[in-house]
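Okay, structure first, notes after.
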Amino acid sequence: MTENNHRPAAAVVVRAANAGDVSLMARWAEAMAFETENKQLDLGIVSRGITIGVADPARSLYFMADIDGEPVGTLMFTFEWSDWRCAWWWWIQSVYVAPAHRRKGVYRALYAHVLEMAKARTDVCGLRLYVERENANAQRTYESLGMVDSGYRMYEAETQPSSE
Numbered sequence: 782m783t784e785n786n787h788r789p790a791a792a793v794v795v796r797a798a799n800a801g802d803v804s805l806m807a808r809w810a811e812a813m814a815f816e817t818e819n820k821q822l823d824l825g826i827v828s829r830g831i832t833i834g835v836a837d838p839a840r841s842l843y844f845m846a847d848i849d850g851e852p853v854g855t856l857m858f859t860f861e862w863s864d865w866r867c868a869w870w871w872w873i874q875s876v877y878v879a880p881a882h883r884r885k886g887v888y889r890a891l892y893a894h895v896l897e898m899a900k901a902r903t904d905v906c907g908l909r910l911y912v913e914r915e916n917a918n919a920q921r922t923y924e925s926l927g928m929v930d931s932g933y934r935m936y937e938a939e940t941q942p943s944s945e
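Have a look at this one:
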């Protein structure tokens, strides 16, 4: 205990996700989509997608944040080749922090882990992510970590029926 009788904050440990984490990550993805975009995802499709992503590091890399051995957050990134930079952009996606652990440095720890991985490589030019325009809290978090608005808008054209 500290002088003011508060327990010191427990350390956030970041680790690679594994097959045993898929079910929880799928539920978190479902919760995130509903919370941020009011979208209902098909849990079966999401589970299959995460299973494939976790099993194939050429597609994506998933990480878990644990506190005292309990999973409290997750982050995944994918890869985009930049011919302009002759290097990879790593796209941060599927971010989720359990509500009871928000604003406690969980995302900061996940981000710092991925940033250090990227900085250690000469073939990675940076990190990118997209965020809902209305998600001001997330935008403030990203800016506090040194990220800047890239000035791009995102467009899409679906080629398969949506699972939403």
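Residues 782 to 945 (this note's numbering) make up the sequence shown, in order.
Glycine is no exception: its CB is placed at the ideal position from the N, C-alpha and C atoms.
DSSP places Y911 outside both helix and strand once states are collapsed to three, so it counts as coil. Contact check between the region 828-847 and the region 863-870: fewer than three CB pairs, one atom from each, fall below 8 Å, which does not count as touching. In this structure, Y888 sits near V878, with a CB-CB distance shorter than 8 Å.
Here the alpha carbon of A938 sits roughly 42 Å from the alpha carbon of D849. Judged by DSSP in its simplified three-state form, V794 adopts strand. Within the same chain, Cβ atoms closer than 8 Å to the Cβ of N799 are found at V835, the five residues on either side in sequence being excluded.
Collapsing the DSSP output to three states places A868 in a strand.
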